[in-house]
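Just so you know, the sequences run in chain order A and B. Each residue of the first sequence is one higher than the one before, counting from 160 in the numbering used here. Each residue of the second sequence is one higher than the one before, counting from 160 in the numbering used here. Here is the structure we will look at, set down as structure tokens.
There are 2 protein chains.
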Amino acid sequence: MSESTSPASRPLTLGVILYPGFELLDVFGPLEMFASVGRNLLLIHMIAERAGPVAAGTVADGPVGPRVVADFGFDDAPALDLLLIPGGIGTFTELANPKMIAFLRERARTAQITASVCTGSALLAKAGILDGRRATSNKQVFDLAVAQSAAVDWVAAARWVDDGAVVTSSGVSAGMDMALAIIARLFGQEAAEGIAIGTEYTWHRDADVDPFITHLNQLTPMLGALGRG
Amino acid sequence: MSESTSPASRPLTLGVILYPGFELLDVFGPLEMFASVGRNLLLIHMIAERAGPVAAGTVADGPVGPRVVADFGFDDAPALDLLLIPGGIGTFTELANPKMIAFLRERARTAQITASVCTGSALLAKAGILDGRRATSNKQVFDLAVAQSAAVDWVAAARWVDDGAVVTSSGVSAGMDMALAIIARLFGQEAAEGIAIGTEYTWHRDADVDPFITHLNQLTPMLGALGRG
Chain A
160 MSESTSPASR
170 PLTLGVILYP
180 GFELLDVFGP
190 LEMFASVGRN
200 LLLIHMIAER
210 AGPVAAGTVA
220 DGPVGPRVVA
230 DFGFDDAPAL
240 DLLLIPGGIG
250 TFTELANPKM
260 IAFLRERART
270 AQITASVCTG
280 SALLAKAGIL
290 DGRRATSNKQ
300 VFDLAVAQSA
310 AVDWVAAARW
320 VDDGAVVTSS
330 GVSAGMDMAL
340 AIIARLFGQE
350 AAEGIAIGTE
360 YTWHRDADVD
370 PFITHLNQLT
380 PMLGALGRG
Chain B
160 MSESTSPASR
170 PLTLGVILYP
180 GFELLDVFGP
190 LEMFASVGRN
200 LLLIHMIAER
210 AGPVAAGTVA
220 DGPVGPRVVA
230 DFGFDDAPAL
240 DLLLIPGGIG
250 TFTELANPKM
260 IAFLRERART
270 AQITASVCTG
280 SALLAKAGIL
290 DGRRATSNKQ
300 VFDLAVAQSA
310 AVDWVAAARW
320 VDDGAVVTSS
330 GVSAGMDMAL
340 AIIARLFGQE
350 AAEGIAIGTE
360 YTWHRDADVD
370 PFITHLNQLT
380 PMLGALGRG
């Protein structure tokens, strides 16, 4: 293991925040990587406003997809060292959910790292967590995030943006690249490289190279049509 | 849409087979892509031996990961046009589960496409579904699949292998590349390209180029230590 590895006296805890209409790969891409670290180093907790099954969603169909079990509600979620908030079509609803925004604001205060994938950064921005920080978001609906706060240094062309205590990734698949970078920081470069090989994942290692910047805001005009943007 | 698109009179159905200790990204990488097709064209059914929550797993920890809800059991699963069987640490247990093997054998007979990710091909091989066909599997434990049937033309260096009615992918992340190829076949190249852009996924388009072939069978000696290989 590299020098950046510090053996913890207890496993770190990662809280993954679910909501109806979350994007599947925003959650399970990073979770594949984080789960591969092993429970001796990292415990994963699935959390939603209320414990129980939560339906994933798609732009086409809304929250009718596969259901994932939240083990905790906002009221009984354990202490969290790391927070992961996904994006998805349900982001539009959650932007208007004061319980979601309050939970993120409260837990980000004490988390070592708060991370978002895709439009999850719109929720972090709405909660004020990104004010004064550099951050990115989903390419095709980038202005949804921008609209939540003018006090953020929004970086359009980035696979992910590491601002220390807050790390935000671009859309969907970018979450896997960000997760490996967070794993490298917390558990060492060798651990991250090993997980990439084990999952046969071609890790996009350069946070500043964004293959999808040419699609910036292509879908933003749709947001009005969705009636929630 | 391209010429390969044939408007269906009803949506196709995709059955995703879960079992304790399935690998998260084996399921949700492909599902991100398939769910993006839209329910007007493709309906997704989550299926396990018994309906209810099923725990994902990791090599390090076994089946203690996030829980996903199976909407159907083997006994009440609807008709399936497409089958997807993931790999994962639970493969070892399922190889010895006659109900799993019988379900796969029965449903593959009538499915238009039976697809596997990672060690899922070991289960297909055990069921005899790959006999006389070309197929691939997870790189690091490749010989686990090979050991299930000598009547398969095992292809070591492949991101995925398309043998028509049966499509098998290499480990974990390779399932996303295979899923996009299946989507291109069923719904047109334009649909697949649009989904890759929407998910900001750099699609590895060449089935014959395998970036992880250098790791072939690196973990196979561990299988004996697991007591189940």
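Cβ atoms here follow ideal geometry from the backbone N, Cα and C, with glycine treated the same way.
- DSSP assignment within the region 232 to 305 of chain B yields the following whole alpha helix (DSSP H) runs of 4 residues or more, N-terminal first: 250 to 253, 257 to 269, 279 to 285 and 301 to 305.
- Here the C-alpha atom of Trp-362(A) lies approximately 9 Å from the C-alpha atom of Ala-340(A).
- Counting C-beta pairs closer than 8 Å gives three or more between the region 290 to 304 of chain B and the region 368 to 381 of chain B, which meets the contact rule.
- Taken atom to atom, the span from the alpha-carbon of Ala-284(B) to that of Thr-250(B) is near 12 Å.
- Thr-273(A) is classed as buried because its beta carbon has at least 16 other beta carbons within 10 Å across all chains shown.
- Going by DSSP, Asp-321(B) is part of no alpha helix (DSSP H) but of the beta strand (DSSP E) stretching over 319 to 321.
- Of all residues in the region 203 to 225 of chain B, only Ile-203, Met-205, Pro-212, Ala-215, Thr-217, Val-218, Ala-219, Asp-220, Val-223, Gly-224 and Pro-225 come within less than 8 Å of chain A when Cβ atoms are compared, listed by chain position.
- Excluding sequence positions up to five before and after Ala-304(B), its CB lies within less than 6 Å of the CB of Ser-280, Ala-281, Ala-284 and Ser-296, all in the same chain and listed in chain order.
- Put simply, of Ala-229(A), Ile-244(A), Asp-234(A) and Asp-302(A) the residue whose alpha carbon is nearest the alpha carbon of Glu-182(A) is Ile-244(A).
- The distance from the Cβ of Ala-236(A) to that of Ile-206(A) is about 5 Å, consistent with a contact at the 8 Å cut-off.
- Its Cα nearest to that of Ser-329(A), the residue Asn-376(A) stands out among Tyr-360(A), Gly-287(A), Phe-193(A) and Asn-376(A).
- Around the Cβ of Glu-349(B), a 10 Å sphere holds fewer than 16 other Cβ atoms; the residue is exposed.
- Across the set Leu-177(B), Ile-356(B) and Ser-168(B), the C-alpha of Leu-177(B) shows the shortest separation from the C-alpha of Met-259(B).
- Using a 10 angstroms sphere on the CB of Ser-195(B), the tally of other CB atoms reaches 16 or more, which defines it as buried.
- Taking 8 Å as the cut-off, the beta carbon of Ile-203(A) is found closer than this to the beta carbon of Gly-224(B).
- Closer than 8 Å to the CB of Ala-351(A) there is not a single CB belonging to chain B.
- Here DSSP, grouped into helix, strand and coil, assigns Phe-193(A) to helix.
- By the Cβ-count criterion, Pro-257(A) is exposed, with fewer than 16 other Cβ atoms from all chains shown falling within 10 Å of its own Cβ.
- Thr-269(A) is classed as exposed because its beta carbon has fewer than 16 other beta carbons within 10 Å across all chains shown.
- The C-alpha of Ile-354(A) is placed about 28 Å away from the C-alpha of Val-314(A).
- For secondary structure counted as the alpha helix (DSSP H) over 4 or more consecutive residues, the region 312 to 373 of chain A holds these complete runs in sequence order: 333 to 346 and 348 to 357.
- Contact check for Ala-351(B) against Ile-342(B) passes: the beta carbons are separated by less than 8 Å.
- Taking 7 Å as the Cβ-Cβ cut-off, the region 325 to 336 of chain B approaches chain A at Ser-329, Gly-330, Val-331, Ser-332 and Ala-333, given in chain order.
- For Tyr-360(A), a Cβ of chain B is located within less than 8 Å of the residue's own Cβ.
- In chain order, Pro-170 place their CB closer than 8 Å to the CB of Asn-199(A), counting only its own chain and leaving out the 5 sequence neighbours on each side.
- At a cut-off of 8 Å, the C-beta of Phe-231(A) has no neighbouring C-beta in chain B.
- Annotation: Cβ neighbours of Leu-183(A) in chain B (cutoff 7 Å, chain order): Phe-187, Leu-190, Glu-191 and Ala-194.
- Taking a Cβ-Cβ cut-off of 9 Å, Val-311(B) has no neighbours in chain A, whose nearest Cβ is about 20 Å from it.
- Under the three-state reduction of DSSP output, Val-186(B) falls in the helix class.
- Looking at the DSSP output, Gly-174(A) shares a beta bridge with His-204(A) and Leu-242(A).
- Identification of residues in the region 245 to 258 of chain B having a C-beta nearer than 8 Å to some C-beta of chain A yields an empty set.
- The closest CA to that of Val-331(B), considering only Leu-378(B), Ser-275(B) and Asp-367(B), is found on Ser-275(B).
- According to the DSSP secondary-structure assignment, Gly-211(A) is paired through a beta bridge with Ala-229(A).
- Spanning the alpha carbons of Leu-289(B) and Gly-246(B) requires a straight line of approximately 16 Å.
- Around the beta carbon of Asp-312(B), fewer than 16 other beta carbons lie within 10 angstroms, which makes this residue exposed.
- Residues of the same chain with a CB within less than 8 Å of the CB of Asp-230(B), apart from the 5 flanking positions on each side, are His-204, Met-205, Ile-206 and Ala-210 in chain order.
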